[in-house]
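Notes to accompany the following structure.
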Amino acid sequence: MKLDPQIPSGPMAEKWDRHRFEMKLVNPANKRKFRILVVGTGLAGGSAAATLAELGYNVDCFCFQDSPRRAHSIAAQGGINSAKNYQNDGDSIRRLFYDTVKGGDFRSREANVYRLAQVSVNIIDQCVAQGVPFAREYGGQLFNRSFGGAQVSRTFYCRGQTGQQLLLGAYQAMSRQIQTGRIQMHPRTEMLDLVVVDGRARGIVVRDLVSGRIQSYSGDAVVLATGGYSPVFYLSTNAKGCNVTATFRAYKRGAAFANPCFTQIHPTCIPVTGDHQSKLTLMSESLRNDGRIWVPKDGGDRRAPGQIPEAERDYYLERKYPSFGNLAPRDIASRAAKEVCDEGRGVGDGGRGVYLDFADSIRRLGEHTIRERYGELFPMYQRITGEDGIQQPMRIYPAPHYTMGGLWVDYNLMSTVPGLFVVGEANFSDHGANRLGASALMQGLADGYFILPYTLSNYLASNKQTPAPVEGADFKRCEADVRARIDRLLFIKGKRSAQAIHRQAGRLMWDQCGMARSEQSLKKALNEIPAIREEFWKNVSVTGGGGELNQALEYAGRVADFLEFAELLCHDALDRDESCGAHFRIEHQMPDGEAKRNDEQYSYVSAWEYAGDDKAPILHKEPLVFEEVHPSVRSYK
Amino acid sequence: MKRLSRMALSSVGSKYIMALTGLGLMMFVLAHMSGNLLIYGGRDALNAYAHGLTEHPFLLWTARGGLLAVFLTHLFFALRTWQENQSARPIPYAHEATIQANWASRHMLLTGVVILLFVIYHLLHFTFGVVDADHFKRPLPDDPKQLDVAGMVIAGFGNPIVAVSYIVAQIFLGLHLWHGGSSFLQHLGLNGRGYDAAVNRVGAAVALVVVVGNCSIPLAITMGWVY
Amino acid sequence: MNFTLHIWRQKSPTDEGRTTTYDARDISPDMSFLEMLDVVNDELIEKGQEPIAFDSDCREGICGSCCLMINGIPHGPERGVATCQTYMRVFRDGQEIYIEPWRARAFPLLKDLIVDRGAFDRIVQAGGYVSVNTGGAQDGNCLPVAKTDAERAMDAAACIGCGACVAACKNASAMLFTAAKVSHLALLPQGQPERHARVRNMVEQMDREGFGNCTNYFECEAACPKEISVQFIAQLNREYLAACLEGEGEK
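Residue numbers (my numbering), protein chains in the order written: chain D, 191 to 827; chain U, 1451 to 1677; chain V, 5 to 255.
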């Protein structure tokens, strides 16, 4: 496998312009002769499908939800960054680029990030034109806020529902194309395999989740926009349906999987209350602006929070990071919470939680201001926990959130399989080892609206392809594989539900490969995952049949992939013998507990090639070259 | 024309028809009630009013025709809407519940049908004189050319069963107006920011006025306050 | 906590469904309604019986997938939440709970508690968008929008498309859903060029789908997990009237 990132030559600021000019175009009359398969309808997939259809391509679009409007991008709360500099506070494309590279702890590809910062400006214009109701000033101008510790106000938002509104914008653009017939929408349809014909991605095998029918679709290119894989930890902020199946199937068909160990933990989630829990709810990080985080100084302290005197509280973030205090970056705040809980000082049932206390702010600003400032968040907390976050401190704990890793792509967003493009969270993306707040929406829309449509046209114009009918041998072989796997799942008739096994594996991953990892813990995980997998294939209970709507079967298939993927994730985490961004190896830390990067040896993207079910994956390295931003120690002291 | 008929038959368009015809009928009810209340000014006042109405038969019959058309349109669209609503949910819920819709809003068809039956009876009673022919079209003792409308009303309500049935019918009419009197504003798009609470009160106010006004007459006659 | 659940089970669209009774034992009050069903399902799966099929995804009240009729009320007794945000502590220990799918001709049932809400997608496809291609949009600030208009448009745009309005309406009307999208775009300058055609086409599509009529029960507003106001239905009525009188832009 050869990794060629295809970075255009020339100065950084001109690369994308120059590349756009150099790329080949498809004659308008010829566009309708091409068929593109887009899997996933989140921000990246939805925007890509709509834009490709507007250009004149025929698009087949697939999602496992009942409507394209329900993809998990919809749950993003905070906002979307853009280097508009509307606030005149010194923002620029270059600053957004710099912040993103630095925030990613120097593990992202400079040229991609620069392009992302460039097109971020167009995204806002496009979304406004679609009718996205962004927050406004009284004078009618767009309003911005500072987010996630950024020193400039560059975040655009729609209350706490920015992801929803941006997704509805893309969904509406798609709906318009569905009406014209350019997009064929296939909801409740799950991709189960990628079909590679003569070394090129030419189709997919899907299961109609209503009828259970296995079917193939053929196209001139395949676009995966299937999101992240946080549910590998079972509990995460992701939707129940989020899964790694599409990207993992593509990996098995030859696409390299990059940086799977870069998984982000979000510091402010509502803690786990019991085994029954199916997901973790994120609460906007903005709460840390007014809340102070603390735990009792004494581990055995079981008093109610109000009973603990000031002197016996440990405001550990303020103590350790005096200048950033409670606003320390996500990974730092998350690890600090884990540390105090590991010391036995955690609060709440199970001891996995820390207090987020608004008492001081309420004294200073009044209860009314605090309630108003955080709108829905206090009622939401009360609904879930039954406690009032004003009367007593909230309890929070970190949870798996976003995954920076994904399928490896070059500058053109094409994977190592020609014709297979990957966009949004599904690719290894522009966030390096850690993503900044309000950047995920930006990247998804940048890929879908403004990058993929150009690079995909270039691919189609540069490669002459013969038709690949779904009756072909490659398609039939893939379909047979898919059927065999489903039959195998249905045949086991064991005793345990897929959910129980998923929960067990997720717990193992969270404990051994979660916020803090070590050689020892990773080896333990690598040792235990195969046993869980074996248990799964021997003892899982999948009821019902294949030819019907069968949620147990859908879920079991996804869990099976997670159980294989978990191993890949641990291999990557073990290989990366340094700490960087969200990947924290306890062997590598500064005296104060900060992540200690090793640029000399690990300044590369790990791209893993599938070698076979019984073989260890093969590591390929794409060296990272920094011309513009020089790696420095990230310091938030 | 095609455009208008298509609009009228659409789900939103039929709202306007229901609202406008309902508004027309509501105005009629209020006007009718105002006329009736003249009975409190003495027999002569009511008789003079009734006489005034009959002086222009052309206008009277045009108005009656228009009223009938409005009434039938209201009825037709009500039934059509009801039929469509029935077919929109072929399988009912095993466990039915209502969150906040009041009884009046949920039983517009029932109250409407009761009103329809009442109107038929009312016409037979006081307009065509089929029910109580003895007291119908009796001339005034001092002016044989004029009919004694007030006498007919007083004699009619002298029968307590008739009085009670009128009162019951008025309560149904009130329930119908309670919902309809607010609904028409919403249907015509006149409900909006800030004055939604006022809109909700319009129906209740109209209903209260009509029930109190119309019920007072049979009540007063039965109690012997008007004679 | 323990509960007796009466759940609608139906194997396929053509199968004749029936209500089946299940016991939910040792339920924690901190469980969400869907987590309670997960527990019941896990037990069924371990016994080799088919689990109860229901839609859910984000489980934080924004994707609009979950759609259960709980004791005759969409999304359960609490106001302003989706099924996934309903917690078992709002029920009484030992309570009997009826769980049914959304019932409407326009939402055909697929299995157990899952219905096909494709009608909503088709209503949006009929015109619930601004016809603007990617690229070439003018600068976002060239189009000032008064803060109050933007806020009000956002109130309407908050709709999650779950269908609770249809389920709650005694007439199975989709008026609130359609009104929310029409109002969102009618309140913004971007939506003006297609304002009339949009409302006409969307209403016609809504009628074609076989939803019922609006008779102002306002059950939709009470059941809406985003508490979208029926004032938007009044706005829809205004928009449609203006569109029909104006008459341009007919397809």
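Backbone N, C-alpha and C fix where the C-beta goes; we use that ideal spot for every residue, glycine too.
Worksheet entry | Under the three-state DSSP convention, the category residue 150(V) falls into | coil
Worksheet item: Given that a residue counts as buried once 16 or more other Cβ atoms are within 10 Å of its Cβ, and exposed if not, what is residue 771(D)?
Response: buried
Worksheet item: Of all the CB atoms in chain U, is at least one closer than 8 Å to the CB of residue 245(V)?
Response: yes
Practice prompt. Quick one: grab the DSSP three-state call for residue 785(D).
Written response: strand
Discussion item. Could you check whether the region 340-348 of chain D touches the region 104-117 of chain V, counting it as contact only if at least three pairs of C-beta atoms, one from each stretch, sit closer than 8 Å?
Written reply: no
Item to complete: Provide the residue span of the beta strand (DSSP E) that contains residue 10(V), from first to last.
Response: 7-13
Practice prompt. Check the Cβ-Cβ distances between residue 1453(U) and every residue of chain V, and say whether any is below 8 Å.
Written response: yes
Practice prompt. Closer than 7 Å, Cβ to Cβ, to anything on chain V: give me those residues from the region 777-790 of chain D, in chain order.
Written response: none
Worksheet entry | CB contact check: residue 1465(U) to chain V, cutoff 8 Å | yes
Discussion item. For a contact defined as C-beta to C-beta under 8 Å, what are the partners of residue 14(V) on chain U?
Written reply: Near residue 14(V) there are no residues of chain U at all, since even the closest Cβ is about 10 Å away, more than 8 Å.
Item to complete: Could you please give the first and the last residue of the uninterrupted beta strand (DSSP E) stretch that includes residue 219(V)?
Response: Careful: residue 219(V) lies outside any beta strand (DSSP E) and carries neither H nor E.
Discussion item. By the 8 Å beta-carbon criterion, what residues does the region 324-338 of chain D contribute toward chain V?
Written reply: 324, 325, 326, 327, 328, 329, 330, 331 and 332
Item to complete: Assuming residue 362(D) and residue 133(V) form a contact by the criterion Cβ under 8 Å, report the distance between their Cβ atoms to the nearest whole angstrom.
Response: 4 Å
Worksheet entry | Interface flag, residue 1457(U) vs chain V, CB-CB below 8 Å | yes
Worksheet item: Bridge partners of residue 492(D), per DSSP?
Response: Answer is none; residue 492(D) lacks a bridge partner.
Worksheet entry | Strand pairing of residue 115(V), partner residues [DSSP] | 118(V)
Discussion item. Pull the bridge partners of residue 585(D) from the DSSP assignment, please.
Written reply: 545(D)
Worksheet item: Going along the chain, which residues of its own chain have a beta-carbon closer than 8 Å to the beta-carbon of residue 1649(U), five neighbours each way excluded?
Response: 1632, 1635, 1636, 1640 and 1641
Worksheet entry | Spatial distance of residue 1497(U) from residue 1583(U) (CA atoms) | 18 Å
Worksheet entry | Per DSSP, the bridge partner or partners of residue 828(D) | A question about residue 828(D) goes unanswered here, because the residues of chain D that appear run from 191 up to 827.
Item to complete: Could you run through the region 1532-1544 of chain U and flag, in chain order, every residue whose CB is less than 9 Å away from some CB of chain V?
Response: 1532, 1534, 1535, 1536, 1537, 1538, 1539, 1540, 1541, 1542, 1543 and 1544
Practice prompt. Take residue 329(D) as the anchor and find which of 146(V), 139(V), 142(V) and 150(V) has the nearest alpha-carbon.
Written response: 150(V)
Worksheet item: Beta-carbon of residue 29(V) versus every beta-carbon of chain U: anything under 8 Å?
Response: no
Practice prompt. Sort out for me which residues DSSP pairs residue 379(D) with in a bridge.
Written response: 398(D)
Discussion item. If I measure Cβ to Cβ from residue 1653(U) and keep anything under 8 Å in the same chain, skipping five residues before and after, which residues do I get?
Written reply: 1627, 1628, 1629, 1630, 1631, 1632 and 1633
Fill in: Assumed close pair residue 103(V), residue 11(V) - CB separation to whole angstroms, cut-off 8 Å
5 Å
Worksheet item: Would a check of beta-carbon distances place residue 221(V) closer than 8 Å to chain B?
Response: The structure shown contains no chain B; its protein chains are D, U and V.
Worksheet entry | Contact set for residue 542(D): own chain, Cβ-Cβ below 7 Å, skip 5 residues either direction | 461, 462, 531, 536 and 587
Worksheet item: Ordered along the chain, which non-local residues of its own chain (more than five positions away) have a Cβ less than 7 Å from that of residue 348(D)?
Response: 322, 323, 324, 325 and 355
Worksheet item: Secondary structure at residue 370(D), three-state DSSP: helix, strand or coil?
Response: helix
Practice prompt. Examine chain V for any beta-carbon lying closer than 8 Å to the beta-carbon of residue 1638(U), and answer yes or no.
Written response: yes
Worksheet item: Going by the beta-carbon positions, is the gap between residue 458(D) and residue 470(D) smaller than 8 Å?
Response: no
Worksheet item: Assuming residue 243(V) and residue 123(V) make a contact with CB atoms under 8 Å, what is their CB distance in whole Å?
Response: Going by Cβ atoms, the distance from residue 243(V) to residue 123(V) rounds to 20 Å, so no, they are not a contact pair.
Worksheet item: For residue 222(D), which three-state DSSP category applies?
Response: coil
Worksheet item: Any beta-carbon of chain V closer than 8 Å to the one on residue 256(D)?
Response: yes
Fill in: Contact residues within the region 1543-1564 of chain U, judged by C-beta distance below 8 Å to chain V
1543, 1544, 1545, 1546, 1547, 1548, 1549, 1550, 1551, 1555, 1556 and 1558
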